[in-house]
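Residue numbers (my numbering): 2 to 105. The structure under discussion appears below in the form of structure tokens.
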Ligand SMILES: [Zn+2]
């Protein structure tokens with residue numbers, strides 16, 4: 002797939018990157034739209050923010066939506082063609098908010 006990769010401030014490149022095989026509980030999404038987050042702008046303009054700095058080429062664009070194009074073998078409740086928005090966060094699963102179903 003194609004990705005926008007920041008190599009350094011003001012150095013964005015569109016590159017082909019490999020896609021991994023689908024794990025049993027994963028979805029493959031054909032991206033239809035993406036937002037530009039404030040952190041993306043910081044990486045582009047300043048190479049990061051605070052102590053968070055670009056240390057190696059990094060794919061930008063974590064606010065995306067699209068259409069499910071394939072499902073892992075264990076996915077049964079989502080069909081190809083379903084429109085989805087991607088949550089870029091990685092919930093811990095153990096904090097109070099996660100326990101209350103508020104993983105975002
Ligand atoms: Zn949590």
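Using N, Cα and C, we set each Cβ at its ideal position, and we do this for glycine too.
Neighbourhood of residue i by C-beta, 7 angstroms cutoff - its chain only, sequence neighbours within 5 removed
i: residue 64; result: 35, 36, 38 and 89
i: residue 23; result: 29, 71 and 73
i: residue 112; result: As displayed, the chain neither begins before 2 nor continues past 105, which places residue 112 out of reach and without an answer.
Boundaries of the alpha helix (DSSP H) in which residue i is found, first to last residue
i: residue 42; result: 39-47
i: residue 100; result: 97-100
Segment limits, beta strand (DSSP E) that includes residue i
i: residue 31; result: 28-35
i: residue 2; result: Residue 2 -> no beta strand (DSSP E), and no H or E assigned at all.
i: residue 12; result: 12-17
i: residue 71; result: 65-72
i: residue 55; result: It is not in any beta strand (DSSP E) - residue 55 carries neither H nor E in the DSSP assignment.
Pair within 8 angstroms by beta-carbon distance, residue i and residue j
i: residue 4; j: residue 18; result: yes
i: residue 112; j: residue 60; result: Since the displayed the chain opens at 2 and closes at 105, residue 112 lies outside it and no answer follows.
i: residue 80; j: residue 25; result: no
i: residue 77; j: residue 92; result: no
Chain-order list of residues whose beta-carbon lies under 6 angstroms from that of residue i (same chain, five-residue window excluded)
i: residue 57; result: none
i: residue 84; result: 68
i: residue 31; result: 67, 68 and 70
Cut-off 8 angstroms between Cβ atoms - residues of its own chain near residue i, not counting five sequence neighbours on either side
i: residue 86; result: 65 and 66
(Q) Any residue with its Cβ nearer than 7 angstroms to a heavy atom of ligand 1 should be included. What is that list in chain order? (A) 92, 93, 94, 95, 96, 98, 99 and 104
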